[in-house]
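First to last, the protein sequences are chains A and B.
Quick note on numbering: the first sequence equals residues 2 to 301 in our numbering.
Quick note on numbering: the second sequence equals residues 2 to 301 in our numbering.
Heads up, the beta-carbon is just placed ideally off N, CA and C, and yes, glycines get one too.
Protein chains: 2
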Amino acid sequence: MMIPTTDKVRWGMLGTGFIAERLANAFTETRRATLVAIASRSLERAEAFAQKHDIHRAYPSYDELLADTDIEAVLIALPNALHAHWTICAAEAKKHVLCEKPLALNANECTAMIDACGANGVLLMEAAMYRFQPQIEHVLRLIDDGAIGEPRLFYGAFCFPFTDTSNIRYNKSLGGGCLFDMGFYPVDFAKLIAGAMPDGAVAFAHYHPECDVEIIAGGSMHFPTGMIALFECAFQTDVRTYVEIIGDEAEIQMPDPWTSRGTRKEVLLIRQREVVESFDLPDPNSYALEIDHFSECIRT
Amino acid sequence: MMIPTTDKVRWGMLGTGFIAERLANAFTETRRATLVAIASRSLERAEAFAQKHDIHRAYPSYDELLADTDIEAVLIALPNALHAHWTICAAEAKKHVLCEKPLALNANECTAMIDACGANGVLLMEAAMYRFQPQIEHVLRLIDDGAIGEPRLFYGAFCFPFTDTSNIRYNKSLGGGCLFDMGFYPVDFAKLIAGAMPDGAVAFAHYHPECDVEIIAGGSMHFPTGMIALFECAFQTDVRTYVEIIGDEAEIQMPDPWTSRGTRKEVLLIRQREVVESFDLPDPNSYALEIDHFSECIRT
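Following this line, the structure appears as structure tokens:
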């Protein structure tokens with residue numbers, strides 16, 4: 002089914018950094034969404050980004066983009082510490098908001114964002130793009146179908162070496178640190194599997210001596226369903242990307258749970274240390290799927 | 002080198018349960034140790050066990066075995082809750098003590114056991130038999146040689162389905178529960194890797210509704226070296242036996258870290274998700290190695 006261009010949701014984006022690049026690229030694959038405007042604090046950066054990604058309008062401030070009445074939805078691709086402020090501004094400008102993960106730096110900020118979007122009648126979604134991978138839907142269906150029995154333990158890891166301390170990830174005042182950046186994934190996925198918020202959570206972390214952000218962290222959570230989750234994340238270890246969901250009868254292993262690579266994804270069903278079934282799943286651009294999903298929510 | 006029978010350490014064992022069977026079998030492979038006496042609370046059980054394992058003397062009480070002046074060392078193969086009491090009795094009878102893991106139910110009991118053995122000039126060792134597997138020495142040497150850089154994260158799992166609630170493992174008053182029984186292994190191994198006690202530790206657990214012992218548990222620890230460890234154990238999930246030690250440059254995976262199977266053990270060195278080296282190691286009887294090691298400590 003072709004969606005006429007006029008029916009596509011018209012998006013604007015705040016920010017031109019690393020994740021903004023990925024999101025702009027994703028719009029070449031979206032079916033229900035089109036990126037019509039970009040804003041940066043610098044007109045030069047906004048114009049360069051607009052030219053590179055074939056975006057019609059470039060704004061030299063976030064406020065000016067939010068004042069553009071042609072824009073229906075906004076992507077917040079700013080540093081973590083700015084998510085709350087600009088989500089609330091966007092809501093007040095009557096734009097629907099897809100905000101990069103983590104939604105904010107604490108629960109109070111999140112509540113204020115949710116309230117602002119509610120009061121202005123716009124939708125708000127946290128950009129947990131990994132959730133839109135077909136492998137995630139497949140795993141949730143396997144669990145629903147009883148393939149592993151009751152999920153009892155969850156183990157998730159997301160680590161890679163990233164030692165450039167001049168990067169935003171090492172900037173404490175902008176919401177840096179590996180827990181927000183990568184710990185988000187296993188923590189969020191454990192919540193998705195449990196279908197609930199944890200009723201207990203503890204983590205240990207190591208801080209960079211100068212930057213004062215966590216560079217290695219690991220912890221555990223307990224869920225009301227009875228599931229116990231372990232998670233780890235790090236900027237300064239070897240690469241690790243794993244999820245293992247252990248039920249009372251079998252377990253699921255996901256060697257590559259988080260990011261799109263444009264290849265294929267493998268999901269393994271294991272019983273008594275033997276692979277009993279292996280699933281080969283497509284690996285589409287999860288940013289494009291996420292933007293299309295939110296656009297569909299806006300239209301319906 | 003042959004050790005003359007007269008030079009072998011003469012052992013007695015308290016208990017005739019599951020682990021006592023394994024230990025008695027191990028004596029057929031020990032070079033420096035011989036099992037000369039067994040004690041049970043029932044003469045019938047002691048005699049049946051002695052006959053089965055070709056042990057010369059069978060005692061109908063632990064006290065009578067401890068009074069046997071021919072015995073130099075004692076294996077405490079009793080339920081966890083009895084470890085402290087009988088270790089102290091054995092020490093007072095001037096026997097060296099190899100006590101099944103966990104050494105006791107709390108730190109106070111451990112301190113009393115250590116003090117009693119010190120005061121009576123006898124050796125005390127916790128029977129962490131997995132430590133005597135060649136794969137453990139190999140992994141420690143790999144880490145010492147810098148194969149993974151600095152160990153930053155440790156993940157260890159020991160789970161299997163064990164649902165017979167009439168078993169001692171489900172008996173709270175005897176020190177049951179999966180943390181003492183299987184959680185011991187990853188917790189102990191993390192300590193061995195870090196070369197230190199944790200300075201922080203937290204776990205979540207699920208309890209059996211009737212037996213009131215943990216059947217599923219998971220938690221995290223922090224070590225003064227900076228390493229963070231995650232561990233899980235369970236009586237009521239699918240089988241899982243894993244250790245992964247993640248350094249800042251590479252990681253070690255051990256698919257079968259805990260028990261002897263008499264086959265081979267695989268240790269993998271992994272960098273950026275690729276196996277860069279695989280080690281194939283022997284899998285001897287670790288109970289026999291442990292008893293021989295302790296016997297050697299006694300003789301030297």
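Short check: CB of residue i to CB of residue j, under 8 Å?
{"i": "Ala40 of chain A", "j": "Tyr63 of chain A", "result": "yes"}
{"i": "His84 of chain B", "j": "Leu104 of chain B", "result": "yes"}
{"i": "Ala38 of chain B", "j": "Ile72 of chain B", "result": "yes"}
{"i": "Pro152 of chain B", "j": "Ile271 of chain B", "result": "no"}
{"i": "His207 of chain A", "j": "Gly157 of chain B", "result": "no"}
{"i": "Leu231 of chain A", "j": "Gln254 of chain A", "result": "no"}
{"i": "Ser43 of chain A", "j": "Gln134 of chain A", "result": "no"}
{"i": "Ile229 of chain A", "j": "Gly219 of chain B", "result": "yes"}
{"i": "Leu106 of chain B", "j": "Leu24 of chain B", "result": "no"}
{"i": "Val10 of chain A", "j": "Val203 of chain B", "result": "no"}
To the nearest angstrom, how far is the alpha carbon of residue i from that of residue j?
{"i": "Asp293 of chain B", "j": "Arg32 of chain B", "result": "7 Å"}
{"i": "His223 of chain A", "j": "Ala74 of chain B", "result": "44 Å"}
{"i": "Asp360 of chain B", "j": "Ala78 of chain B", "result": "Here chain B comprises residues numbered 2 to 301, so residue 360 of chain B is not present and cannot be evaluated."}
{"i": "Gln237 of chain A", "j": "Thr301 of chain A", "result": "44 Å"}
{"i": "Phe280 of chain B", "j": "Glu101 of chain B", "result": "30 Å"}
{"i": "Phe295 of chain B", "j": "Met183 of chain A", "result": "46 Å"}
{"i": "Pro258 of chain A", "j": "Asp8 of chain A", "result": "33 Å"}
{"i": "Met126 of chain A", "j": "Val98 of chain A", "result": "6 Å"}
{"i": "Gly178 of chain A", "j": "Cys160 of chain A", "result": "12 Å"}
{"i": "Ala148 of chain B", "j": "Glu250 of chain B", "result": "8 Å"}
{"i": "Gly263 of chain A", "j": "Glu297 of chain B", "result": "59 Å"}
{"i": "Thr35 of chain B", "j": "Asp165 of chain B", "result": "34 Å"}
{"i": "Gly68 of chain A", "j": "Ala27 of chain A", "result": "Note on residue identity: the sequence assigns Ala, not Gly, to residue 68 of chain A. Cα-Cα distance, rounded: 24 Å."}
{"i": "Asn109 of chain A", "j": "Gln136 of chain A", "result": "33 Å"}
{"i": "Leu124 of chain B", "j": "Val277 of chain B", "result": "42 Å"}
{"i": "Gly122 of chain B", "j": "Glu93 of chain B", "result": "9 Å"}
{"i": "Leu154 of chain B", "j": "Cys234 of chain B", "result": "18 Å"}
{"i": "Asn81 of chain B", "j": "Arg58 of chain B", "result": "25 Å"}
{"i": "Pro256 of chain B", "j": "Arg241 of chain B", "result": "9 Å"}
{"i": "Val244 of chain A", "j": "Tyr60 of chain B", "result": "52 Å"}
{"i": "Cys111 of chain A", "j": "Pro210 of chain B", "result": "37 Å"}
{"i": "Leu282 of chain B", "j": "Leu180 of chain B", "result": "28 Å"}
{"i": "Leu15 of chain A", "j": "Phe190 of chain A", "result": "26 Å"}
{"i": "Ile169 of chain B", "j": "Pro162 of chain B", "result": "15 Å"}
{"i": "Phe205 of chain B", "j": "Thr29 of chain A", "result": "45 Å"}
With hydrogens ignored, establish whether the beta-carbon of residue i is closer than 7 Å to any heavy atom of the ligand SAM.
{"i": "Phe205 of chain B", "result": "Ligands are entirely absent from the displayed structure, and the ligand SAM is therefore not among its contents."}
Taking buried to mean at least 16 other C-beta atoms within 10 Å of its own C-beta, is residue i buried or exposed?
{"i": "Gly119 of chain B", "result": "exposed"}
{"i": "Arg265 of chain A", "result": "exposed"}
{"i": "Lys96 of chain A", "result": "buried"}
{"i": "Arg274 of chain A", "result": "exposed"}
{"i": "Gly13 of chain B", "result": "buried"}
{"i": "Glu138 of chain A", "result": "exposed"}
{"i": "Ser221 of chain B", "result": "buried"}
{"i": "Asp239 of chain B", "result": "buried"}
{"i": "Pro187 of chain A", "result": "buried"}
{"i": "Glu252 of chain A", "result": "buried"}
{"i": "Met198 of chain B", "result": "exposed"}
How would you list, in chain order, the residues of chain A whose beta-carbon sits under 7 Å from the beta-carbon of residue i?
{"i": "Ser279 of chain B", "result": "Neighbours of Ser279 of chain B on chain A: none; closest Cβ ~16 Å, over 7 Å."}
{"i": "Gly219 of chain B", "result": "Leu154, Ser221, Ile229, Leu231"}
{"i": "Gln273 of chain B", "result": "Asp239, Val240"}
{"i": "His209 of chain B", "result": "Under the 7 Å cutoff, chain A gives no residues; its nearest Cβ is about 12 Å from His209 of chain B."}
{"i": "Phe205 of chain B", "result": "Gly201, Ser221, His223, Ile229"}
Just the chain B side, please: which residues come within less than 8 Å of residue i by C-beta, in chain order?
{"i": "Glu252 of chain A", "result": "Thr238, Asp239, Arg241"}
{"i": "Cys160 of chain A", "result": "Leu154, Ile247"}
Run through chain A and tell me which residues come within less than 8 Å of residue i, C-beta to C-beta.
{"i": "Ala235 of chain B", "result": "Arg153, Leu154, Ile247"}
At least three beta-carbon pairs within less than 8 Å, the segment 184 to 196 of chain A to the segment 129 to 149 of chain A: A contact exists between the segment 184 to 196 of chain A and the segment 129 to 149 of chain A.
The segment 169 to 182 of chain B contacting the segment 208 to 219 of chain B, beta-carbon criterion three pairs below 8 Å: Yes, they touch.
Cβ pair count under 8 Å reaching 3, the segment 280 to 299 of chain B against the segment 122 to 141 of chain B: The segment 280 to 299 of chain B, when compared against the segment 122 to 141 of chain B, does touch it at the 8 Å Cβ threshold.
Cβ contact (3+ pairs, closer than 8 Å) linking the segment 54 to 61 of chain A and the segment 18 to 29 of chain B: No, they do not touch.
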